[in-house]
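S.K.: To start, I am sharing the structure in question, which I have written as structure tokens.
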Amino acid sequence: MKQINVTKTYLPPFEEYTAILKRAWDKGWLTNNGELVQELEAKLREYLGVKHLFFCSNGTIVLQMAIKALGLTKEIITTPFSYVATANVIAWEGCTPVFADIEPDTLTIDPTKIEAAITENTEAILATHIFGFPCKMEAIASIAQKHNLKVIYDGAHAFGSVYKGKSLLNYGDISTCSFHATKLFHTGEGGCVITNDDTLAEKLRLSRQFGHVYGDYYQVGINGKNSELHAAMGLAVWPYLTEILDQKREIAATYARYLSVCSQLGASEQSPDFSWNYSYYPVLFSDAATLLAAQELLGENGYHARRYFTPSLNTLPFLGRTGTCSTSENIAERVMCLPNGIDVTETMVCEMGNLIKSLV
Numbered sequence: 009m010k011q012i013n014v015t016k017t018y019l020p021p022f023e024e025y026t027a028i029l030k031r032a033w034d035k036g037w038l039t040n041n042g043e044l045v046q047e048l049e050a051k052l053r054e055y056l057g058v059k060h061l062f063f064c065s066n067g068t069i070v071l072q073m074a075i076k077a078l079g080l081t082k083e084i085i086t087t088p089f090s091y092v093a094t095a096n097v098i099a100w101e102g103c104t105p106v107f108a109d110i111e112p113d114t115l116t117i118d119p120t121k122i123e124a125a126i127t128e129n130t131e132a133i134l135a136t137h138i139f140g141f142p143c144k145m146e147a148i149a150s151i152a153q154k155h156n157l158k159v160i161y162d163g164a165h166a167f168g169s170v171y172k173g174k175s176l177l178n179y180g181d182i183s184t185c186s187f188h189a190t191k192l193f194h195t196g197e198g199g200c201v202i203t204n205d206d207t208l209a210e211k212l213r214l215s216r217q218f219g220h221v222y223g224d225y226y227q228v229g230i231n232g233k234n235s236e237l238h239a240a241m242g243l244a245v246w247p248y249l250t251e252i253l254d255q256k257r258e259i260a261a262t263y264a265r266y267l268s269v270c271s272q273l274g275a276s277e278q279s280p281d282f283s284w285n286y287s288y289y290p291v292l293f294s295d296a297a298t299l300l301a302a303q304e305l306l307g308e309n310g311y312h313a314r315r316y317f318t319p320s321l322n323t324l325p326f327l328g329r330t331g332t333c334s335t336s337e338n339i340a341e342r343v344m345c346l347p348n349g350i351d352v353t354e355t356m357v358c359e360m361g362n363l364i365k366s367l368v
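Written out as structure tokens, the structure is:
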């Protein structure tokens with residue numbers, strides 16, 4: 009029986025990966041900012057149009073580094089609709105997550121709810137470009153300027169999405185991205201942290217390497233480095249990036265044709281200023297019972313859809329409940345991402361559409 013997961017890791021030809029890896033092998037230089045890491049960083053900076061970018065070990069540690077580099081110690085307003093890592097890092101770094109509800113169309117944090125949540129202890133906003141859809145960045149920037157707050161964007165889903173001619177990763181004081189194997193562009197495991205501020209860049213560079221350069225010690229740091237083995241995977245995937253994006257776009261267009269019985273959040277782009285990366289294909293069901301029935305029926309036929317994201321993070325007791333986020337709590341019960349990996353065909357999309365139609 010077929011097994012089609014919600015995403016599928018793109019694997020470049022093995023011989024192409026090993027040919028790149030052999031460069032590091034021949035030098036005997038496998039980590040500590042090697043040649044392949046530097047080459048990948050240069051490609052990423054150019055592609056994203058950013059000034060400073062550091063390739064790191066994963067998409068969570070870069071959020072931790074961002075919080076440290078900005079000197080945050082108190083309250084950080086964040087979204088309740090995201091992967092748990094977004095809120096976890098706030099608590100892990102000794103800060104307090106304060107949840108502001110989301111918008112029902114983009115599923116990103118609602119700027120009007122941000123302003124209402126600001127207190128004398130608020131230091132920053134940590135917002136997620138969920139499913140590659142952009143936050144209301146102009147509104148967030150205006151609020152941040154008015155209240156002297158820092159802005160971090162969790163761009164784990166944002167690679168390849170463009171707003172007003174710039175990558176979504178080019179906004180905020182600091183932006184982060186994940187290059188986990190399930191992502192549109194990946195390095196097996198990895199991530200990056202981005203800033204256009206020279207002072208912050210130096211803090212991030214030192215944070216990644218224990219806070220020192222050889223015998224000179226400057227600040228507290230951790231091991232956020234990534235290896236040549238992971239950079240080689242990124243360099244091997246790189247030539248196929250356009251092909252991957254095109255295929256994701258085609259799958260989304262096919263879903264839009266075959267599936268009309270539930271709200272397709274990815275069926276159309278949000279505005280003419282925005283170009284989506286099609287990283288996930290989220291659909292919104294009328295209620296939780298219908299979603300669960302659809303998930304079960306799809307699974308019985310070899311299609312493994314996933315409930316991204318549930319539960320709403322403001323309901324997790326270990327993060328400290330800070331009030332109701334009714335939109336997020338409602339959406340979290342009804343949203344599911346359908347398979348859109350490189351192994352998904354038009355026939356499969358048609359079959360999934362018919363299975364869902366049989367229930368709705």
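First residue of the sequence shown: 9, per this note's numbering; consecutive thereafter. Beta carbons: idealized from backbone N, C-alpha and C, even for Gly. Here the structure is a predicted model, which means the values were calculated and not measured.
Note down, one range per segment and in chain order, each beta strand (DSSP E) of at least 3 residues found wholly within the segment 56-133.
M.R.: The qualifying runs are 60-64, 83-86 and 104-107.
S.K.: Could you tell me which residues DSSP pairs with His220 in its beta bridges?
M.R.: Answer is Tyr225.
S.K.: According to DSSP, Cys185 sits in a beta bridge with which residue or residues?
M.R.: Cys185 pairs with Cys200.
S.K.: Check whether the Cβ atoms of Ser336 and Phe89 lie closer than 9 Å to each other.
M.R.: Taking 9 Å as the Cβ cut-off, Ser336 and Phe89 qualify as a contacting pair.
S.K.: Sort Thr81, Ile252, Asn66 and Thr104 by Cα distance to Leu192 and report the nearest one.
M.R.: Residue Ile252 is the option with its Cα nearest to Leu192.
S.K.: At the level of alpha carbons, what is the spacing between Asp109 and Tyr222?
M.R.: Each residue's Cα considered, the two are about 45 Å apart.
S.K.: Any idea what DSSP makes of Tyr171, helix, strand or coil?
M.R.: DSSP places Tyr171 in strand when its eight states are reduced to three.
S.K.: Could you tell me how far apart the beta carbons of Ala313 and Cys345 are, in whole angstroms, since I believe they sit closer than 8 Å?
M.R.: The Cβ separation is near 6 Å, so the contact holds.
S.K.: Taking the alpha-carbon of Pro112 as reference, which of Ala302, Lys365 and Val291 has the nearest alpha-carbon?
M.R.: Considering only alpha carbons, the answer is Val291.
S.K.: Have a look at Ala267 and Gln46 and give me their C-alpha separation to the nearest angstrom.
M.R.: For the sequence presented, residue 267 should be read as Leu rather than Ala. In a straight line, the C-alpha of Leu267 is about 44 Å away from that of Gln46.
S.K.: Figure out for me which residue from Ala124, Tyr171 and Ala125 has the closest Cα to the Cα of Pro280.
M.R.: For the residues Ala124, Tyr171 and Ala125, the minimum Cα distance to Pro280 belongs to Tyr171.
S.K.: Looking at the structure shown, is Ile259 part of a helix, part of a strand, or coil, going by DSSP?
M.R.: In this structure, Ile259 counts as helix in the three-state DSSP scheme.
S.K.: Helix, strand or coil for Tyr288, going by three-state DSSP, please let me know.
M.R.: The answer is coil: DSSP assigns Tyr288 none of H, G, I, E or B.
S.K.: Can you tell me where the alpha helix (DSSP H) with Val245 in it begins and where it stops?
M.R.: Glu236 to Val245 is the span of the alpha helix (DSSP H), which, as asked, contains Val245.
S.K.: Going along the chain, which residues of its own chain have a beta-carbon closer than 6 Å to the beta-carbon of Thr262, five neighbours each way excluded?
M.R.: Correct list, in chain order: Glu354 and Val357.
S.K.: Would the beta-carbon of Glu197 fall within 9 Å of that of His238?
M.R.: A contact, by the Cβ cut-off of 9 Å.
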